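**Student:** First residue of the sequence shown: 71, per the numbering used here; consecutive thereafter.
Built from N, CA and C at the ideal position, the CB exists for glycine as well.
Everything numeric in this text was worked out from a predicted model, so none of it was measured.
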Amino acid sequence: MPANIEVQAEPGALVHDVIERAGLSLVLPCGGQGRCGRCLVVVKEGRVRRRSVVRLTPQDIEQGYALACQTLLEGDATIYVPPQEMSLVRPESAASAGKVAPLAITCDHARAPWVEKYHLRIEPPSLADNTADWERLQREAARQYGLRGLTTTPAIMSKLASVLREANWDVTLVVERGTWIEPDAMPRLIDIRPGDTTAQTIGLAVDIGTTSNVVYMADLQQGTLIDHASAYNGQIVCGEDIISRIIYAKRPGGLEHLQKLVIDTINGLIDHMLDRQGLRAEDIYLVTVAGNTTMIHLFLGLDPQYIRLEPYIPTVNHPVPVRAGDLGLHVHPEATVDCLPGVGAYVGGDITAGVLRSEMSEQEAITLFIDVGTNGELVLGNSEWLISCACSAGPAFEGAGVTSGMRATQGAIEEVWINRETAEPTYRTIGNAPPQGICGSGMISLLGEMFITGVI
Ligand code: FES
71 MPANIEVQAE PGALVHDVIE RAGLSLVLPC GGQGRCGRCL VVVKEGRVRR RSVVRLTPQD
131 IEQGYALACQ TLLEGDATIY VPPQEMSLVR PESAASAGKV APLAITCDHA RAPWVEKYHL
191 RIEPPSLADN TADWERLQRE AARQYGLRGL TTTPAIMSKL ASVLREANWD VTLVVERGTW
251 IEPDAMPRLI DIRPGDTTAQ TIGLAVDIGT TSNVVYMADL QQGTLIDHAS AYNGQIVCGE
311 DIISRIIYAK RPGGLEHLQK LVIDTINGLI DHMLDRQGLR AEDIYLVTVA GNTTMIHLFL
371 GLDPQYIRLE PYIPTVNHPV PVRAGDLGLH VHPEATVDCL PGVGAYVGGD ITAGVLRSEM
431 SEQEAITLFI DVGTNGELVL GNSEWLISCA CSAGPAFEGA GVTSGMRATQ GAIEEVWINR
491 ETAEPTYRTI GNAPPQGICG SGMISLLGEM FITGVI
């Protein structure tokens, strides 16, 4: 290994697992199925058993190449792990908070908010009025705002006495109304803050793509976007497409690992924005999540296996809201996390969100909605009918299943020119770095040039 790491392993251990145990990361583009041939390592010395060599030539084997996902150790070995494609950190889409223009949000949060804040000044107790703190707060909330039947959590109850007194009985209540699953639920106090903090209520919108994750931070009070950040989905190391991830999830601990990777990615983005905005995780009270059906399953820790198998049935299309604390998100632990409803195994809540946002389902004219992501979806229709379908689109553009294919990162060939006379190709790589492979734009450019020059 480049870092000269030594690690203990038992005979029969999978080389990939041993590499991970050594604290190194090795990308498994096809989820470890032995299909893509891109998890290559070099066995410098020692005995190994290659379970599959379909992606290797006899020369490769002679030079010591082996697929980390298909090779078992049979004794002591020295293995070289080549540097991984530098693709796991995606540059920020927004350069800095100051440059993010506040955008109006055309949602109806202001009309039916799930989370509301109420500034409350409470008369302190006295010998003449010795009502307990909680009942006193309930009484004032009902009197000043008509909030009846207020409930709360044990965590709030345990800090109530001190917060009220430290704040001199001048507090802001953060109250959750019933969500879609329980619209008539009693109002629930999820936080209590000293002073008046009603000017801002922060919520997040999270888009979990198979390749990219984006988090938007919004002020639900003002209806404006405050910030956004994006990064590659950390699950990429376990497979580049949905099917590879589903297969990876079948390994022992695979589902938990995938869930942790996506939560870590989202938390990294949240932390970044909190830093930029000078906010705390506890300031975020609502999280809405969109993603394809498999991504939502992995985010919630649900087994996605049956999405892949005929007749392609997800565990759930519209998951019930969950508490952020149960998922380990870096927001207020009592914040509601709501995943938008999907339609089926391969048409998820991200498409529902797109259809709603485009308002195509309210128009008479027939509209075609196209989402070309790693999973590609089409929706056609109008206010009377909608029909949708999906296919695996991204891998064709991101290198999976393509010899020498790679994502559009440093060293990827992104443009090709072919000399008409000599058919000699020239190319440009991203970052003008030595060529590592070819990305989607490069392949389109190459095919175009080959067609124009008559090579094909
Ligand atoms: S062949 Fe090993 S990850 Fe694809």
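#1: Looking only at its own chain, which residues have a Cβ that is under 6 Å from the Cβ of Gly324, when we skip the five neighbours before and after it?
#2: What is the rounded straight-line gap between the Cα of Asn200 and the Cα of Ala423?
#3: Look at the alpha carbon of Leu259 and the alpha carbon of Asp441, and state the distance between them as a whole number of angstroms.
#4: List the DSSP bridge partners of Asp373.
#5: Can Gly265 be considered in contact with the ligand FES, in the sense that its beta carbon sits closer than 7 Å to one or more heavy atoms?
#6: In whole angstroms, what separates the C-alpha of Phe439 from that of Val425?
#7: Nearest-angstrom Cα distance between Asn387 and Leu137?
#8: Which residues in the same chain as Glu432 place their Cβ atom closer than 6 Å to its Cβ, once the five residues preceding and following it in sequence are excluded?
#9: Ser282 to Ala301, Cα distance in whole Å?
#10: By a C-beta neighbour count over all protein chains shown, 10 Å radius and 16 as the cutoff for buried, is Val85 buried or exposed?
#11: Any heavy atom of the ligand FES closer than 7 Å to the CB of Cys461?
#12: CA-CA distance, Ala479 and Thr499?
#13: Alpha carbon to alpha carbon, what distance is there between Thr271 and Ile310?
#14: What residue range does the beta strand (DSSP E) around Trp239 cover?
#15: In chain order, what residues of the same chain have a beta carbon less than 8 Å from the beta carbon of Ala288, not counting five sequence neighbours either side?
#16: Using a threshold of 7 Å, is the CB atom of Gln78 nearer than that to any non-hydrogen atom of the ligand SAH?
#17: Entirely within the segment 119 to 150 and at least 4 residues each: give me those alpha helix (DSSP H) ranges in chain order.
#18: Starting from the Cα of Leu399, find the closest Cα among Gly348, Ile336 and Gly101 and give me that residue.
#19: Determine the burial state of Pro224: buried for a count of at least 16 other Cβ atoms within 10 Å of its Cβ, exposed for fewer.
#20: Quick check: the segment 400 to 415 against the segment 346 to 361, are there 3 or more CB pairs under 8 Å?
#21: The beta strand (DSSP E) spanning Glu485 covers which residue range?
**Tutor:** On the basis of the coordinates in this document:
#1: Tyr318
#2: About 51 Å.
#3: 39 Å
#4: Residue pairing of Asp373 in beta bridges, as defined by DSSP: absent, with no partner found.
#5: No, since every heavy atom of the ligand FES falls outside the 7 Å radius drawn around the Cβ of Gly265.
#6: 7 Å
#7: 36 Å
#8: Ser453
#9: 6 Å
#10: buried
#11: no
#12: The sequence given here has Thr at residue 479, not Ala. Each residue's alpha carbon lies about 9 Å from the other.
#13: According to the sequence provided, residue 310 is Glu. The question's Ile does not apply to it. Distance between the alpha carbons of Glu310 and Thr271 is about 36 Å.
#14: Element bounds for Trp239: n/a, residue is neither H nor E.
#15: Ile175, Ile272, Gly273, Leu274, Ala275, Thr294, Leu295 and Ile296
#16: The model depicted lacks the ligand SAH and carries the ligand FES instead.
#17: 128 to 132
#18: Ile336
#19: exposed
#20: yes
#21: From DSSP, the beta strand (DSSP E) with Glu485 extends over Ala482 to Ile488.
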